[in-house]
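Asks:
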Amino acid sequence: MTAVLKVENIRKSYPSEGEVLRGISLNLNKGETKVIVGPSGTGKSTLLRCINRLTEPDSGKVWLSGEEVTRAGNPDRFRPKIGFVFQHFNLFHHLSALKNVTVGLTSVQGLKKDKAERKGRESLEVVGLSDQADSYPAELSGGQKQRVGIARAMAMDPELILFDEPTSALDPELIGEVLEVMIDLAKKGMTSLVVTHEIGFANSVANEIIFLDGGVVLEKGPPEEVLRNPKEERTKQFLHKITELYGE
Amino acid sequence: MEALVSKLQVLVNNGPALLKGTAVTIELGLTFFVVGYAMALFIAMGIVYGNKAISTLLSGFSWVFRSLPAIILLFIFFYGPTRLGINLSAFWASVFALGLRTAGYQAQYFRGGIQSIRSGQLEAARSVGMSLPKALYKIILPQMFRFALPATANEYAITIKDTSLAYAIGVVEVLQQGSFIIAREYNPLAIYVTVALIYWIITRVGTRFFAYLEKRYRIPGFKVSGFKV
Amino acid sequence: MGFFQYAWTILPHLLQGVQITLLMTAISMSVAAVLALLLALGKMYGSSPIRWFCSAYIEFFRGTPLLAQLFIVYYGLPVAGINFDSFTAAVITFGLNSGAYQAEYLRGAIQSIEAGQVEAARSVGMSFITAMWKIVLPQAFRRVIPPWSNDVIYTLKYTSVAFMIGAHELTSQAKIVAGEYFRFTESFMVAGIIYLIMVYIFSRSLGVMEKRLKIPGFEMRE
């Protein structure tokens, strides 16, 4: 069985920051949820962006269900199959929630208006926002915005969804509603790669936790191992800090 | 090649005339700009700090002079004074017409500048005992001028270009000189393009000067990102 | 006869000019809008020579007087074999001129759309062009309405300059009746009042349009 996502040796440097990713490799099989954790600024977001080539990696390869994403000149055709949920939501300001979800369906996948609308409403229902379909982003709370963002990614029927710190920009009391949706999706079998600080979430749904530090994968394994018995010193330090901050 | 030489020859022969016109352009522009600037100051203060009647009157005045086309103003100030028995040269008619017009615009920039100064500034000034005029002079105006500087620089550029409109009432500024030259030598394309470039140069030099002013009078650490006019 | 009687007498003549004024404004603004889009996109995303050309074009038309540009088009171009009648020359010049200003407003508006919008658009698979057309430009368009409205009114007023090349708009009509009746100041004052009325109506209408096009909750930041 081919892995849904195969990432091999991704490297990326920036002139101002040096080498941010020093050869990252990982695999994701269908239905798996893997969570990437690590100190801030260690390239976790960059990694996700390299996967759908919003940022171009310096070297390394990415395969989506056996097809090499990094080879194609124009990555446009892969992107509908890779859902992306942004830390700062990036909802289209001038479109209603429903339109935000359907614009990709109509303009990229060529769906007819009524079909797109039906799909859009379905997605909004999954995230619990059916009654906000006609509201505009500026009228929604942070948690609602992010749920629309998730609906937007889901509606395209992607093969996997990348979550880039989806709750980091939310007020504490709004984090729950988004995590609920994400847990629900994971349980339903959506292949997901999530960058987050929410250890509780990782503990409950992740098949594997990947600890990224200094541009390399320092440690990885199932939650019981990594969280209870971390092997590396740095991992221990990081988890200690996190649990101090967030409580257990 | 020959054509180029003859073109250059034309420019050389008529250089002095163009220079004379340029001098008039600059003289006219700077004069009415300064006149307008000074008037705008009082108009702006009247609008912001005056009572309802004065404020409305001055706002209306500003609106009228911004909304009338410059050409119309020039004609009114050119033909009007005669009816009142005053003899006004075309130059001075332009100074008043365009001066009042720029005053109308600049008053709005100053008003915007004043309104973007936090009210606490004036309160603090009054609370240490300054009278209103003193507070304005020492605290409000210095900040207002800085805020309005970009808009003022822009207005300068418009001013220089609008001097060309004085052509309509016979002021012999550089564009008019251009037309005279064309009557003698022909080649309107080259001559008018040259005149256009002269304006461009004068505008650029002025804008440089304003950029220098902006740097020189910058308040350390205080960002002016723009303000509502 | 008194002022108001005179005003009433010359009104029909002036209104003929008003028609031309409005027509000129409408046509040049349409030309300018299309031109502005091309110039703005060219200046931001074009190849080196295109970027250079767009910048030079904008610099020239914003840095030189409208009257000089008008003379160049009407008196200068015939030298190169291109002849226009006064109306066409005026409309072309105003269009070229306004287009340069609008290009800069549009460029500012496009650049004020935060990068996240484009990223989100690309992330669902939109090509650059689709992202521009469906996501960036619709938002930039909303942001450009205030300065654009200003420009409409500017153009309306500056059409008065066209009388210098013989176009038959409001100011030239005023000049004609002034010469006929030998009442200069009053003729121009009446014309002035008509301009004020037009400016007021335009301002109000554009303000209403701005309100109608407002996206709920989306403030137009400066």
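The listed protein sequences correspond, in order, to chains S, P and L.
Per this note's numbering, the very first residue in the first sequence carries number 2; after that it's consecutive.
Per this note's numbering, the very first residue in the second sequence carries number 610; after that it's consecutive.
Per this note's numbering, the very first residue in the third sequence carries number 4; after that it's consecutive.
For glycine and all other residues, C-beta sits at the position ideal for the given N, C-alpha and C.
For clarity, every value in this text was computed on a predicted model and none was experimentally measured.
Let me check understanding here. Comparing Cα to Cα, which of 799/P, 813/P and 824/P lies closest to residue 615/P?
Replies: One-based indexing of the second sequence puts residue 615/P at position 6. Selected option, being the one with the closest Cα: 799/P.
Asks: In terms of residue numbering, what span does the beta strand (DSSP E) encompassing residue 161/S cover?
Replies: One-based indexing of the first sequence puts residue 161/S at position 160. Taken as a continuous stretch (DSSP letters only), the beta strand (DSSP E) holding residue 161/S covers 161-165.
Asks: Please confirm whether residue 9/S and residue 63/S have their CB atoms less than 9 Å apart.
Replies: As a working note, residue 9/S is residue 8 in the first sequence. As a working note, residue 63/S is residue 62 in the first sequence. It is a contact, given that the beta carbons lie within the stated cut-off.
Asks: For a contact meaning CB atoms closer than 9 Å, what does residue 80/S contact in chain L?
Replies: As a first step, residue 80/S is located in the first sequence; it is residue number 79 there, counting from the start. Those within 9 Å of residue 80/S in chain L are 125, 126, 127, 128 and 129.
Asks: Can you name the start and end residues of the alpha helix (DSSP H) that residue 205/L belongs to?
Replies: Position 202 of the third sequence, counted from the first residue, corresponds to residue 205/L. Counting along the chain, the alpha helix (DSSP H) containing residue 205/L begins and ends at 187-215.
Asks: Return the residue from the list 208/L, 182/L and 203/L that minimises the CA-CA distance to residue 16/L.
Replies: Position 13 of the third sequence holds residue 16/L. The residue with the shortest Cα to Cα distance from residue 16/L is 182/L.
Asks: Which ranges would you report for the alpha helix (DSSP H) in the region 710-744 of chain P if only whole runs of at least 4 residues count?
Replies: If we require 4 residues or more, the alpha helix (DSSP H) runs fully inside the region 710-744 of chain P come out as 728-736 and 741-744.
Asks: Just to confirm my understanding: we take residue 134/S, look at its own chain, exclude 5 residues before and 5 after, and list those with CB closer than 8 Å. What are they?
Replies: Counting from 1 along the first sequence, the entry for residue 134/S is found at position 133. So the qualifying residues of the chain are 97, 98, 99, 121, 122 and 125.
Asks: Could you confirm whether any beta carbon from chain P is found closer than 9 Å to the beta carbon of residue 188/L?
Replies: By one-based count along the third sequence, residue 188/L stands at place 185. Chain P contact via Cβ: present.
Asks: Along chain B, which residues have their Cβ under 9 Å away from the Cβ of residue 10/S?
Replies: Protein chains in the displayed structure are S, P and L, and chain B is not among them.
Asks: Looking at the C-beta of residue 617/P, does it have a partner C-beta in chain L at a distance below 9 Å?
Replies: Position 8 of the second sequence holds residue 617/P. Judged by the 9 Å Cβ criterion, residue 617/P is not in contact with chain L.
Asks: Using a beta-carbon distance cut-off of less than 9 Å, what residues from the region 156-170 of chain L approach chain P?
Replies: If the cut-off is 9 Å between Cβ atoms, the region 156-170 of chain L has 156, 159, 160, 161, 162, 163, 164, 166 and 167 near chain P.
Asks: Measure the C-alpha to C-alpha separation of residue 757/P and residue 716/P and round it to an integer number of angstroms.
Replies: For the purposes of this step, residue 757/P is taken as residue 148 along the second sequence, with counting starting at 1. For the purposes of this step, residue 716/P is taken as residue 107 along the second sequence, with counting starting at 1. Cα to Cα, residue 757/P sits roughly 10 Å from residue 716/P.
Asks: What are the residues of the region 41-75 of chain L that lie near chain P, defined by any Cβ-Cβ distance shorter than 9 Å?
Replies: Those residues of the region 41-75 of chain L that come within reach of chain P (Cβ to Cβ, closer than 9 Å) are 62, 63, 65, 66, 67, 68, 69, 70, 71, 72, 74 and 75.
Asks: Counting along the chain, where does the beta strand (DSSP E) carrying residue 166/L start and finish?
Replies: As a working note, residue 166/L is residue 163 in the third sequence. First-last for residue 166/L: undefined, no H or E at that position.
Asks: I'd like to know if residue 224/L contacts chain S, where contact means its C-beta is closer than 9 Å to some C-beta of that chain.
Replies: Here residue 224/L is taken as the residue at index 221 of the third sequence, counted from 1. Caution applies to residue 224/L, whose pLDDT of 43 falls short of 50 and renders its modelled position unreliable; the model cannot decide the point.
Asks: In whole angstroms, what is the alpha-carbon distance linking residue 1/S and residue 145/L?
Replies: Any answer about residue 1/S is impossible in this case: the structure gives chain S only from 2 up to 249.
Asks: Here's a check: name, in chain order, each residue in its chain whose Cβ is nearer than 7 Å to the Cβ of residue 649/P, leaving out the five neighbours to either side.
Replies: Residue 649/P sits at position 40 when you count from the first residue of the second sequence. The residues are 712, 715, 716 and 719.
Asks: So, residue 150/S versus residue 44/S, is the Cβ gap smaller than 9 Å?
Replies: To locate residue 150/S, count along the first sequence from 1; it is residue 149. To locate residue 44/S, count along the first sequence from 1; it is residue 43. No, the pair does not count as a contact, with Cβ atoms beyond the cut-off.
Asks: Give a yes or no on whether 9 Å exceeds the smallest Cβ distance from residue 182/L to chain P.
Replies: Counting from 1 along the third sequence, the entry for residue 182/L is found at position 179. Output row for residue 182/L: interface = no.
Asks: Looking at the C-beta of residue 111/L, does it have a partner C-beta in chain S at a distance below 9 Å?
Replies: By 1-based counting over the third sequence, the position of residue 111/L is 108. Chain S, which has no Cβ nearer than 9 Å to the Cβ of residue 111/L, makes this no.
Asks: Exposed or buried, what is residue 751/P when buried is set at 16 or more other beta-carbons lying within 10 Å of its beta-carbon?
Replies: Taking the first residue of the second sequence as position 1, residue 751/P is located at position 142. It is exposed - the Cβ of residue 751/P has fewer than 16 other Cβ atoms within 10 Å.
Asks: Span of the alpha helix (DSSP H) holding residue 62/S?
Replies: In the first sequence, counting from the first residue as 1, residue 62/S sits at position 61. Careful: residue 62/S lies outside any alpha helix (DSSP H), inside the beta strand (DSSP E) at 60-65.
Asks: Taking only runs of the beta strand (DSSP E) that begin and end inside the region 81-154 of chain S, which ones reach a length of at least 3 residues, in chain order?
Replies: Within the region 81-154 of chain S, the complete beta strand (DSSP E) runs of at least 3 residues are 83-86.
Asks: Run down chain P in chain order and give the residues with a C-beta less than 8 Å from the C-beta of residue 80/L.
Replies: Stepping through the third sequence from its first residue, residue 80/L is reached at position 77. Within 8 Å Cβ-Cβ: 798.
Asks: Candidates 744/P, 623/P, 654/P and 788/P: which alpha carbon is nearest residue 667/P's?
Replies: On the second sequence, residue 667/P is found 58 positions in, with the first residue counted as 1. That would be 654/P, whose Cα lies nearest to the Cα of residue 667/P.
Asks: So for residue 708/P, helix, strand or coil by DSSP?
Replies: Counting from 1 along the second sequence, the entry for residue 708/P is found at position 99. Here residue 708/P sits in helix by DSSP.
Asks: Take the Cβ of residue 190/L as the centre, count every other Cβ of all protein chains shown within 10 Å, and call the residue buried at 16 or more, exposed below.
Replies: Counted from its first residue, the third sequence places residue 190/L at position 187. Residue 190/L should be labelled buried.
Asks: Where does the unbroken alpha helix (DSSP H) through residue 668/P begin, and where does it stop?
Replies: Residue numbering aside, residue 668/P sits at position 59 when the second sequence is read from its first letter. Taken as a continuous stretch (DSSP letters only), the alpha helix (DSSP H) holding residue 668/P covers 661-676.
Asks: Could you spell out where the beta strand (DSSP E) holding residue 15/S opens and where it closes?
Replies: Walking along the first sequence from the start, residue 15/S turns up at place 14. Start and end: 6-15.
Asks: Beta-carbon separation of residue 137/S and residue 94/S under 9 Å?
Replies: As a first step, residue 137/S is located in the first sequence; it is residue number 136 there, counting from the start. As a first step, residue 94/S is located in the first sequence; it is residue number 93 there, counting from the start. For residue 137/S and residue 94/S, yes; Cβs fall inside 9 Å.
Asks: Just the Cα atoms here: how many angstroms apart are residue 240/S and residue 200/S?
Replies: Translated into the one-based positions of the first sequence, residue 240/S becomes position 239. Translated into the one-based positions of the first sequence, residue 200/S becomes position 199. The alpha-carbon atoms of residue 240/S and residue 200/S are separated by roughly 9 Å.
Asks: State the Cα-Cα distance for the pair residue 202/L and residue 137/L, rounded to the nearest angstrom.
Replies: By 1-based counting over the third sequence, the position of residue 202/L is 199. By 1-based counting over the third sequence, the position of residue 137/L is 134. Computed Cα separation, rounded: 33 Å.
Asks: Around the C-beta of residue 225/L, are 16 or more other C-beta atoms found within 10 angstroms, so that it is buried, or is it exposed?
Replies: Position 222 of the third sequence holds residue 225/L. The pLDDT assigned to residue 225/L is 32, lower than 50, so where the model puts this residue is not dependable; a value taken from the coordinates is nonetheless given after this. Flag for residue 225/L reads exposed.
Asks: Starting from the C-beta of residue 15/S, find all residues in its chain whose C-beta is less than 7 Å away, skip the five residues before and the five after it, and write them out in chain order.
Replies: Taking the first sequence and counting its residues from 1, the one referred to as residue 15/S is at position 14. So the qualifying residues of the chain are 21.
Asks: Please work out which residues of its chain come closer than 6 Å, Cβ to Cβ, to residue 223/L, disregarding the five sequence neighbours upstream and downstream, and give them in chain order.
Replies: Taking the first residue of the third sequence as 1, we reach residue 223/L at position 220. Residue placement at residue 223/L is poorly supported in this model, since its pLDDT is 45, which falls under 50; the coordinates still yield a value, given next. Result list for residue 223/L: 146, in chain order.
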